[in-house]
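Written below as structure tokens is the structure these notes are about.
Protein chains: 2
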Amino acid sequence: MLYSNMKNIKPKLIRLFKEGYCTPQIARIAKKIKEASTTIHYNIKRLEEEGAIKAYKAVFDYKKIDEGFCVFVFVKLTAKKGADPDKLLSEFARYEEVESADILAGEWDIILKIRTKDQDEYYKVLKNILALEGVEKTTSFISLKQIKTEFVML
Amino acid sequence: MLYSNMKNIKPKLIRLFKEGYCTPQIARIAKKIKEASTTIHYNIKRLEEEGAIKAYKAVFDYKKIDEGFCVFVFVKLTAKKGADPDKLLSEFARYEEVESADILAGEWDIILKIRTKDQDEYYKVLKNILALEGVEKTTSFISLKQIKTEFVML
DNA sequence: TTAATATTTGAATTTTGTTCGGATAAATAA
DNA sequence: TTATTTATCCGAACAAAATTCAAATATTAA
Chain X
91 MLYSNMKNIK
101 PKLIRLFKEG
111 YCTPQIARIA
121 KKIKEASTTI
131 HYNIKRLEEE
141 GAIKAYKAVF
151 DYKKIDEGFC
161 VFVFVKLTAK
171 KGADPDKLLS
181 EFARYEEVES
191 ADILAGEWDI
201 ILKIRTKDQD
211 EYYKVLKNIL
221 ALEGVEKTTS
231 FISLKQIKTE
241 FVML
Chain G
91 MLYSNMKNIK
101 PKLIRLFKEG
111 YCTPQIARIA
121 KKIKEASTTI
131 HYNIKRLEEE
141 GAIKAYKAVF
151 DYKKIDEGFC
161 VFVFVKLTAK
171 KGADPDKLLS
181 EFARYEEVES
191 ADILAGEWDI
201 ILKIRTKDQD
211 EYYKVLKNIL
221 ALEGVEKTTS
231 FISLKQIKTE
241 FVML
């Protein structure tokens, strides 16, 4: 028999946690570094006001959320007048599969870190990128094993 | 006159937030996706028990915490019997400046993403890496501009 | 169909975050 | 130096959120 998934909350949580919807554990930090929790609170607020903290988020075991395939992609842009690397990079960064996007110095213009379920899904994403106006060529480096991501050991 | 910083809590917070010491905002998520907060709680606990979530952490504006210099480093290992790439990668990952560490398929064996205050600091880290037994050569790609990191837009 | 398991939910409890005011320390100006 | 302003620290009171619990409902397995 076919059932409608009860609420199917898991994927919604994953989406939210990728970019935020977390918050500091003031009490735990206060205990850890042996200061008053109000002092910790004050210092965190200051960091946030300075803009030093962009988000509080979750780090996943990506294999367990169907994003186990990870690739570093270099992109070379076509050299022509009026081309805007920043604008193109914003296009790349918009994809939810793109974990990071940087402009580089040197022979390659851009590096992207992309996470997908598998090679097939990766190819679809890459195809979209290659199709964009301004992309001359790309080269991909497939990650065989990840032992640290986002400063977190796996 | 010279004063001792009162408590100097900021760097301690940054160190803790890089790897954890955060937690989900259950009430906010519940409101966002219009479910009972206890339902959200239940689903998050399940994700954690599955091991799908490795940590809750902060994402920084790295320029503002003196880690504005970012480099992708490829490492090639010396091909010899008994060499263990995994062991060497663990050595690399141990550095706090290393944001991510992966084993690659292809011409390069390892890619590291490294964050430091500036080029001088970066050179010190790289020197340590090059000094390790088993490293044949490296090549670095300097990030000129970061627009997305850890799935967070900057 | 029945039994076992997983998920959802509200009420009660516990824990945590936040505000506020005053104290202390540091930086700045006189 | 000394006076003044600003930044940081921290306890008490309060507000908000997380967690536990028990029961209802949905799903899966037998």
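Heads up: the protein sequence lines correspond to chains X and G, in order. Quick note on the numbering used here: the first sequence kicks off at 91 and runs consecutively. Quick note on the numbering used here: the second sequence kicks off at 91 and runs consecutively. Every residue, glycine too, gets a C-beta built ideally from N, C-alpha and C.
Distance between residue j and residue i (C-alpha atoms, nearest Å)
i, j, result
"S127(G)", "I134(G)", "11 Å"
"I237(X)", "F150(X)", "12 Å"
"D192(X)", "D156(G)", "18 Å"
"G158(G)", "M96(X)", "45 Å"
"V188(G)", "E240(X)", "9 Å"
"T206(G)", "L167(G)", "23 Å"
"R74(G)", "F231(G)", "Residue 74(G) lies beyond the residue range present for chain G, which begins at 91 and ends at 244; the question has no answer from this structure."
"K235(G)", "S190(X)", "11 Å"
"G224(G)", "D176(X)", "38 Å"
"K214(G)", "A195(X)", "20 Å"
Residue-chain proximity (residue i, chain G), Cβ-Cβ < 9 Å
i, result
"E109(X)", "yes"
"S127(X)", "no"
"G196(X)", "yes"
"G141(X)", "yes"
"F231(X)", "yes"
"I204(X)", "no"
Collapsed DSSP secondary structure at residue i in the structure displayed
i, result
"D199(X)", "coil"
"T129(X)", "helix"
"K147(X)", "strand"
"K171(X)", "coil"
"K124(X)", "coil"
"E138(G)", "helix"
"E223(X)", "coil"
"K97(G)", "coil"
Neighbour flag for residue i against chain X, beta carbons, 9 Å
i, result
"V149(G)", "yes"
"A173(G)", "no"
"N133(G)", "yes"
"T239(G)", "yes"
"Q115(G)", "yes"
"D192(G)", "yes"
"F162(G)", "yes"
Pick from the options that is closest to residue i, judged by C-alpha positions
i, options, result
"P114(X)", "R136(X), G141(X), Y146(X), T129(X)", "Y146(X)"
"F182(X)", "C112(X), A120(X), L202(X)", "L202(X)"
"I130(G)", "L103(X), I130(X), E125(X)", "L103(X)"
"Y132(G)", "G141(G), D174(G), G110(G), I116(G)", "I116(G)"
"E125(G)", "N98(X), I200(X), E140(X)", "N98(X)"
"V161(X)", "L244(X), K100(X), K144(X), L216(X)", "L216(X)"
"L222(X)", "A173(X), V242(X), R105(X), K154(X)", "A173(X)"
Residues bridged to residue i [DSSP beta-bridge criterion]
i, result
"I204(X)", "V161(X), V188(X)"
"L216(X)", "L216(X) is not bridged to any residue."
"L194(X)", "S233(G)"
"K238(X)", "M243(X), A191(G)"
"P114(G)", "C112(X)"
"K102(X)", "Its beta-bridge partners do not exist; DSSP assigns none."
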